[in-house]
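Each remark here refers to the structure printed beneath this line.
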């Protein structure tokens, strides 16, 4: 199936043209980023915490210290919402009212499962590292048993998912097009700067190719 | 007072050195961005939705269509969490375990107030527009009475607030420093590209100075 089934909770109601439910669009939004915002409740208060993620097929992995409040809360199997957003530009209309933002976002609703099997946990950590930087895993010292134990890994199935995308220029009221106001889009982009070597390096090799050619 | 008072809910417990409660740090994180992630509950399910904001003193304004689920939910006076995050770089350690991300984030907990007074509402819309692009408000057609009515504005007081910041290079285990692995930081930055004029322009003036010199 190339489409996620929209539900009452994920169907985009406002501006439904912006809603997307196909795996291709959702995967691309998820794979372009590596920091999501995870939402969960503690005593009825919602918390929204930025955290890393990795994707493999229809599973999104979250991880963190076994001591973290977020990981402890989510390990208990409570409802979670994970959102990934890319801001692509500021849309400048001729009226204040029609100003907007170009963006791509994916929203995942569900309940995360605690990953307990050591082999699946190790594989999830590989997926994490490779999601952030393809090629890195084989280069670094891999987790010890103790490090694995200190890390909580959660798996969130991609089942109840929607994406929302706005592209293009401003849509003004007909009467406003003749106003003497500059209108259009100011594009924003995330770029990679020169890698900064660790000041404490001893025998570090030169910058690896996967880092030199890094882009998202 | 230059500091927000940490509470049981905002005190950074994991890696407390990363926690900041001073207004200067929090304001700077909020003023560098203009898209936040707002978390709220609908029937016990958390939703995390990207949305625009503006700040004036110790008030964060949110807005949107009066028809939106998020605005309708939040107008009812329910607990909300608003988080703003900037990702500054990927921290590459010699072990998979010590990989990290450099970031600045601010988390605001509270209950938003529906702004009903038309003068305050208009002022909030000015703050919005100026927060996204300083100088823009005086240039554009300002909201009509009907547009004001179609817009819901919420005010969230900055009271229960914390910031979390990670900077600098990787911290590896002592024994790992001699491993032949490149370590350091890959800096990420959001940049502004050339403005794209609206294809439907008629008598638009040249690119205004506030747009030419735009940075965040």
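Chains as they are written, first to last, in the numbering used here: chain A, 835 to 1050; chain B, 835 to 1050.
Ideal placement from N, C-alpha and C gives every residue a C-beta, glycine not left out.
My assumption, with CB atoms under 8 Å, is that residue 939 of chain B sits in contact with residue 963 of chain B. Please give the rounded CB distance.
Position 105 of the second chain holds residue 939 of chain B. Position 129 of the second chain holds residue 963 of chain B. Actually they do not touch by this definition, with Cβ atoms about 25 Å apart.
Looking only at its own chain, which residues have a Cβ that is under 7 Å from the Cβ of residue 866 of chain B, when we skip the five neighbours before and after it?
Stepping through the second chain from its first residue, residue 866 of chain B is reached at position 32. Taken in chain order, the residues that qualify are 920 and 1050.
Touching or not, the stretch 1030-1045 of chain A and the stretch 960-979 of chain B, by the rule of three or more beta carbon pairs under 8 Å?
no
Among B:896, B:893 and B:933, which residue has its Cα nearest to the Cα of residue 976 of chain A?
By 1-based counting over the first chain, the position of residue 976 of chain A is 142. Out of B:896, B:893 and B:933, B:933 has the C-alpha closest to the C-alpha of residue 976 of chain A.
I'd like the ranges of any alpha helix (DSSP H) spanning at least 4 consecutive residues and lying wholly in the stretch 916-970 of chain B.
952-966
Does DSSP put residue 1012 of chain A in a helix, a strand or coil?
Here the question's residue 1012 of chain A lines up with position 178 in the first chain. Residue 1012 of chain A: coil per DSSP, three-state reduction.
Once the 5 residues before and after residue 911 of chain A are set aside, which same chain residues still bring their CB inside 6 Å of it?
Within the first chain, the letter at position 77 stands for residue 911 of chain A. Counting only Cβ-Cβ distances below 6 Å, and skipping sequence neighbours, we find 945.
Going by DSSP, which residues form a beta bridge with residue 879 of chain A?
Taking the first residue of the first chain as 1, we reach residue 879 of chain A at position 45. Paired residue(s): A:876.
Within 10 Å of its beta-carbon, does residue 876 of chain B have 16 or more other beta-carbons around it, so buried, or fewer, so exposed?
Translated into the one-based positions of the second chain, residue 876 of chain B becomes position 42. Residue 876 of chain B should be labelled exposed.
Would you check if there are 3 or more beta carbon pairs closer than 8 Å linking the stretch 889-898 of chain B to the stretch 988-995 of chain B?
As far as the Cβ criterion goes, the stretch 889-898 of chain B touches the stretch 988-995 of chain B, which means the pair count is three or higher.
So if I threshold CB-CB distances at 7 Å, which residues from the stretch 982-1008 of chain B count as touching chain A?
Against chain A - using a Cβ distance shorter than 7 Å - the residues of the stretch 982-1008 of chain B are 1003 and 1004.
Just the Cα atoms here: how many angstroms apart are residue 835 of chain B and residue 973 of chain A?
On the second chain, position 1 is the one that residue 835 of chain B refers to. On the first chain, position 139 is the one that residue 973 of chain A refers to. Approximately 49 Å between the Cα atoms of the pair.
Just by C-beta distance, which residues in the stretch 891-914 of chain A are closer than 8 Å to chain B?
For the stretch 891-914 of chain A, the residues whose beta carbon sits under 8 Å from a beta carbon of chain B are, in order, 899, 901, 902, 903, 913 and 914.
Between A:1010, A:984, A:1004 and A:848, which has its C-alpha nearest residue 998 of chain A's C-alpha?
For the purposes of this step, residue 998 of chain A is taken as residue 164 along the first chain, with counting starting at 1. Taking the Cα of residue 998 of chain A as reference, the smallest distance to any Cα among A:1010, A:984, A:1004 and A:848 is reached at A:848.
Check distances from the C-beta atoms of the stretch 937-956 of chain B to those of chain A and list, in chain order, the residues that come in under 8 Å.
937, 939, 941 and 943
Would you say residue 864 of chain B lies against chain A (beta-carbon separation less than 9 Å)?
By one-based count along the second chain, residue 864 of chain B stands at place 30. No, no contact with chain A.
Along chain A, in chain order, which residues have C-beta atoms closer than 7 Å to that of residue 1046 of chain B?
The sequence position of residue 1046 of chain B within the second chain is 212, counting from 1. Result: empty, since nearest Cβ-Cβ is about 10 Å, beyond 7 Å.
Exposed or buried, which one is residue 923 of chain A when buried takes at least 16 other CB atoms within 10 Å?
Here residue 923 of chain A corresponds to residue number 89 of the first chain, with the count starting at 1. It counts as buried.
Is the stretch 1025-1033 of chain A touching the stretch 1001-1009 of chain B in the sense that three or more CB pairs, one from each, lie closer than 8 Å?
yes
With 9 Å set as the bound, which would you pick, yes or no: does the beta-carbon of residue 979 of chain A sit closer than that to a beta-carbon of chain B?
Translated into the one-based positions of the first chain, residue 979 of chain A becomes position 145. Not closer than 9 Å to any Cβ of chain B, the Cβ of residue 979 of chain A fails to qualify, so no.
Give the residues from the stretch 869-892 of chain A that approach chain B closer than 8 Å (Cβ to any Cβ), ordered along the chain.
869, 871, 872, 873, 874, 875, 876, 878, 879, 880, 881, 882, 883, 884 and 886
Throw me the rounded Cβ distance for the residue 1019 of chain B and residue 936 of chain B pair, which I believe falls under 8 Å.
As a first step, residue 1019 of chain B is located in the second chain; it is residue number 185 there, counting from the start. As a first step, residue 936 of chain B is located in the second chain; it is residue number 102 there, counting from the start. Between residue 936 of chain B and residue 1019 of chain B the Cβ distance is about 6 Å, and since that is below 8 Å, they are a contact.
Where does residue 902 of chain B fall in DSSP's three states?
On the second chain, residue 902 of chain B is found 68 positions in, with the first residue counted as 1. Residue 902 of chain B: coil per DSSP, three-state reduction.
Assuming residue 889 of chain B and residue 905 of chain B form a contact by the criterion Cβ under 8 Å, report the distance between their Cβ atoms to the nearest whole angstrom.
Along the second chain, read from residue 1 onward, the residue named residue 889 of chain B stands at position 55. Along the second chain, read from residue 1 onward, the residue named residue 905 of chain B stands at position 71. Rounded, the Cβ-Cβ distance is 18 Å, inconsistent with contact.
So, with DSSP's three-state summary, where would you put residue 895 of chain A?
Indexing the first chain from 1 puts residue 895 of chain A at position 61. Looking at residue 895 of chain A - three-state DSSP - the assignment turns out to be strand.
If you follow the beta strand (DSSP E) that residue 999 of chain B is part of, which residue opens it and which one closes it?
By one-based count along the second chain, residue 999 of chain B stands at place 165. From DSSP, the beta strand (DSSP E) with residue 999 of chain B extends over 994-1000.
Of all the residues that make up the stretch 958-979 of chain B, which are near chain A by a beta-carbon distance shorter than 9 Å?
959, 960, 962, 963, 966, 967, 970, 971, 973, 974, 975, 976, 977 and 978
Go to residue 1045 of chain A, then tell me how far its alpha helix (DSSP H) extends in each direction, as first and last residue.
Counting from 1 along the first chain, the entry for residue 1045 of chain A is found at position 211. Per DSSP, residue 1045 of chain A belongs to the alpha helix (DSSP H) from 1043-1046.
Looking at C-alpha atoms only, which residue of A:883, A:872 and A:838 is the closest neighbour of residue 859 of chain A?
For the purposes of this step, residue 859 of chain A is taken as residue 25 along the first chain, with counting starting at 1. Of A:883, A:872 and A:838, the residue nearest in Cα terms is A:838.
When we look at the beta-carbon of residue 984 of chain A and count the other beta-carbons within 10 Å, is it buried (16 or more) or exposed?
Residue 984 of chain A sits at position 150 when you count from the first residue of the first chain. Result: exposed.
Starting from the Cα of residue 872 of chain A, find the closest Cα among A:913, A:841, A:855 and A:862 and give me that residue.
Taking the first residue of the first chain as 1, we reach residue 872 of chain A at position 38. Here the closest residue by C-alpha is A:913.
Using a Cβ-Cβ cutoff of less than 7 Å, which residues in the same chain neighbour residue 856 of chain A once the five nearest sequence positions on both sides are dropped?
Taking the first residue of the first chain as position 1, residue 856 of chain A is located at position 22. Here the set comprises 836 and 837.
Within this structure, are the beta carbons of residue 882 of chain A and residue 1022 of chain B separated by less than 9 Å?
As a working mapping, residue 882 of chain A is identified with position 48 in the first chain. As a working mapping, residue 1022 of chain B is identified with position 188 in the second chain. Against a cut-off of 9 Å, the Cβ pair of residue 1022 of chain B and residue 882 of chain A comes out as no contact.
According to DSSP, simplified to helix, strand and coil, what is residue 973 of chain A?
Position 139 of the first chain, counted from the first residue, corresponds to residue 973 of chain A. Of the three classes helix, strand and coil, the one that applies to residue 973 of chain A here is helix, per DSSP.
Does the distance from the C-beta atom of residue 942 of chain B to that of residue 992 of chain B stay below 9 Å?
Residue mapping note: residue 942 of chain B aligns to position 108 of the second chain, counting from 1. Residue mapping note: residue 992 of chain B aligns to position 158 of the second chain, counting from 1. A contact, by the Cβ cut-off of 9 Å.
What residues of chain A sit near residue 1037 of chain B, judged by a beta carbon separation below 9 Å?
Reading the second chain from its first residue, position 203 is the one you call residue 1037 of chain B. By Cβ distance, chain A contributes 1011, 1012, 1013 and 1014.
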